[in-house]
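Engineer: Got a structure for you, written out below as structure tokens; questions coming shortly.
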Amino acid sequence: MTRTLPGVTGVLALADGTILQGLGCGAEGSALGEVVFNTAMTGYQEILTDPSYMSQILAFTFPHVGNVGVNAEDVEQMGESAATSARGAIFRDVPTTPANWRAGQSFDDWMKSRNVVGLAGVDTRALTARIRESGAPHAVIAHAADGQFDLDALVAQARAWQGLVGLDLAKDASTLQAFDWDQGLWDWPEGYPRVQAADKSVVVIDYGVKKNILRALASTGAKITVVPATTSAEDILARKPDGVVLSNGPGDPAATGEYAVPEIKKLVASGTPLMGICLGHQMLALAMGAKTVKMDQGHHGANHPVKDLTTGKVEIVSMNHGFTVDRDSLPDAVTETHVSLFDGTNCGIALKDRPVFSVQHHPEASPGPTDSLYLFGRFADLMKAGA
1 MTRTLPGVTG VLALADGTIL QGLGCGAEGS ALGEVVFNTA MTGYQEILTD PSYMSQILAF
61 TFPHVGNVGV NAEDVEQMGE SAATSARGAI FRDVPTTPAN WRAGQSFDDW MKSRNVVGLA
121 GVDTRALTAR IRESGAPHAV IAHAADGQFD LDALVAQARA WQGLVGLDLA KDASTLQAFD
181 WDQGLWDWPE GYPRVQAADK SVVVIDYGVK KNILRALAST GAKITVVPAT TSAEDILARK
241 PDGVVLSNGP GDPAATGEYA VPEIKKLVAS GTPLMGICLG HQMLALAMGA KTVKMDQGHH
301 GANHPVKDLT TGKVEIVSMN HGFTVDRDSL PDAVTETHVS LFDGTNCGIA LKDRPVFSVQ
361 HHPEASPGPT DSLYLFGRFA DLMKAGA
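Numbering follows UniProt numbering, in which position 256 of the sequence shown is assigned residue number 256; successive positions increment by one, without gaps.
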């Protein structure tokens, strides 16, 4: 049944029956997912291509999104498949014609090319407040140029979705075969340089890794090899790496951990320096005996304050996660190293007797501040110490 107002070409149908109406943009069609809000003021292109946002619909709290268009250099996803990034996007204002000399394409055309369904003209402040109070809802976002929607069917679809709890998405976001990486961090005006590898090698387990993690690692001078999420510890150690990185990624860490945690335990036991990021942090905690829990609204943005308990320094960081490590479940062998100053949740751990650490936030940023970029240097120092 269609019950939209005149001129409406886009809707967001929540599982509780609420219908938000507005103007559709991007790809036509519909997409199912969990609605979360992101507080970043910039970097919408990198955000929407982050594999950690699989099966999610993003509501941007900043009102003007898309006005500078898109360009090829800012793409962060591993592949070109729209299935490995956000399903939809919600804006207060309709994205305008781009006004930036770097723009190679309009935001609307880019969203169409990636099959991202957009909805504009929505009161994103009210939606954000709702998510903060009641948690991230299941919903369907839909765009139809003719304004025809079966709203009852969309609500039913949202109600029937099981959500992210128990959902392993890393296997879908991961590469299918190993590959090498030698591209460094972006540098004006040359762009992304090719890095000459030194005598250290790093294996990155790809649970949905962002390219800027690989660039930051390569910029330490190490040879980078990326392997699929299901790669065994034996195959990884056979490459004789000086260090191993557990990457970010989407989905429930406990679900991915069913096959990843046993391998992580073996890697930790080997004494090889190890660094975990976001999902990798959560699964390292699981491997050490801790627990993870679903957050009501998660942390999504490029302006989150985190305190490094080892130095006392407060850093502004980029975050994107809907699950968190239960800090009360951390075992004695683990030290808590970072904590969120927003809500006190755990944001980092280190093992007391192994060269192993992880953080919940994204030290590679992109988008976001580079306050935590030093963590890649810390990891490089661990590899040198183990030589």
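Heads up, the beta-carbon is just placed ideally off N, CA and C, and yes, glycines get one too. Quick caveat: nothing in here was measured; it's all calculated off a predicted structure.
By how many angstroms is the C-alpha of A233 removed from the C-alpha of K266?
Structural biologist: Roughly 6 Å between the two C-alpha positions.
Engineer: From this set, L169, M111, M41 and L217, which residue's C-alpha is nearest Y374's C-alpha?
Structural biologist: The shortest C-alpha separation from Y374 is found at L217.
Engineer: Please report the distance separating the alpha-carbon of G344 from that of D146.
Structural biologist: G344 and D146: Cα-Cα distance of roughly 47 Å.
Engineer: Return the CA-CA distance between E80 and A173, expressed in angstroms with no decimal places.
Structural biologist: For E80, the pLDDT reaches just 49, beneath the cut-off of 50, and the residue's location in the model is therefore unreliable, although a value from the coordinates is still provided. Their Cα atoms are separated by approximately 11 Å.
Engineer: Is it a yes or a no for the region 260 to 276 touching the region 286 to 298, going by three-plus beta-carbon pairs under 8 Å?
Structural biologist: The region 260 to 276 vs the region 286 to 298: in contact.
Engineer: Along the chain, where does the beta strand (DSSP E) that runs through P180 open and close?
Structural biologist: Checking the displayed sequence, the identity of residue 180 turns out to be Asp instead of Pro. Element bounds for D180: F179 to W181.
Engineer: Please go through the region 89 to 150 and give each complete beta strand (DSSP E) segment of 3 or more residues, from N-terminal end onward.
Structural biologist: List check, beta strand (DSSP E) in window: 117 to 120 and 138 to 143.
Engineer: Could you compute how far the alpha carbon of V245 sits from the alpha carbon of L23?
Structural biologist: Straight-line Cα distance between these residues: approximately 42 Å.
Engineer: With a threshold of 6 Å on Cβ separation, who are the neighbours of F37 within its own chain once the five nearest residues in sequence on each side are excluded?
Structural biologist: The residues are A59, T61, T128 and I131.
Engineer: Since L376 is in the alpha helix (DSSP H), which residue starts that stretch and which ends it?
Structural biologist: Residue identity check: residue 376 is Phe in the sequence provided, not Leu. First-last of the alpha helix (DSSP H) with F376: Y374 to A385.
Engineer: Compare the Cα-Cα distances from I141 to each of V122, G135 and V359 and report the closest residue.
Structural biologist: Answer by Cα proximity: V122.
Engineer: Going by CA-CA distance only, name the one from H143, S106, V65 and G69 that's closest to G7.
Structural biologist: Residue H143 is the option with its Cα nearest to G7.
Engineer: When you compare the CB positions of residue 388 and D180, do they come within less than 7 Å of one another, or not?
Structural biologist: Limits of the chain in this structure are 1 at one end and 387 at the other, which puts residue 388 out of reach.
Engineer: Excluding the 5 residues preceding and the 5 following A15 in the sequence, name in chain order all residues of the same chain whose CB lies nearer than 8 Å to its CB.
Structural biologist: Only P137, H138, A139, V155, A158, R159 and W161 meet the Cβ criterion.
Engineer: H300 to S318, Cα distance in whole Å?
Structural biologist: When rounded, the distance between both Cα atoms is 8 Å.
Engineer: Cβ of H338 within 7 Å of Cβ of V306?
Structural biologist: For H338 and V306, yes; Cβs fall inside 7 Å.
Engineer: Helix or strand or just coil, what does DSSP make of M283?
Structural biologist: Reduced to three states, the DSSP call for M283 is helix.
Engineer: For the region 213 to 238, list the beta strand (DSSP E) runs that are entirely contained and at least 3 residues long, ordered along the chain.
Structural biologist: For the region 213 to 238, whole beta strand (DSSP E) runs of length 3 or above, ordered along the chain, are 223 to 228.
Engineer: Out of curiosity, what's the CA-to-CA distance linking A333 and R354?
Structural biologist: So the alpha carbons of these two residues sit roughly 10 Å apart.
Engineer: Taking the alpha carbon of G368 as the point to measure from, which residue in T324, Y44, E34 and G17 has its own alpha carbon closest?
Structural biologist: The shortest C-alpha separation from G368 is found at Y44.
Engineer: Excluding the 5 residues preceding and the 5 following Q177 in the sequence, name in chain order all residues of the same chain whose CB lies nearer than 8 Å to its CB.
Structural biologist: So the list reads P228, once near-sequence residues are dropped.
Engineer: Of the choices K112, A99, G17 and S52, whose alpha-carbon is the least far from that of T84?
Structural biologist: For T84, the nearest C-alpha among the options comes from S52.
Engineer: For the beta strand (DSSP E) that contains A350, what are its first and last residues?
Structural biologist: Residues N346 to L351.
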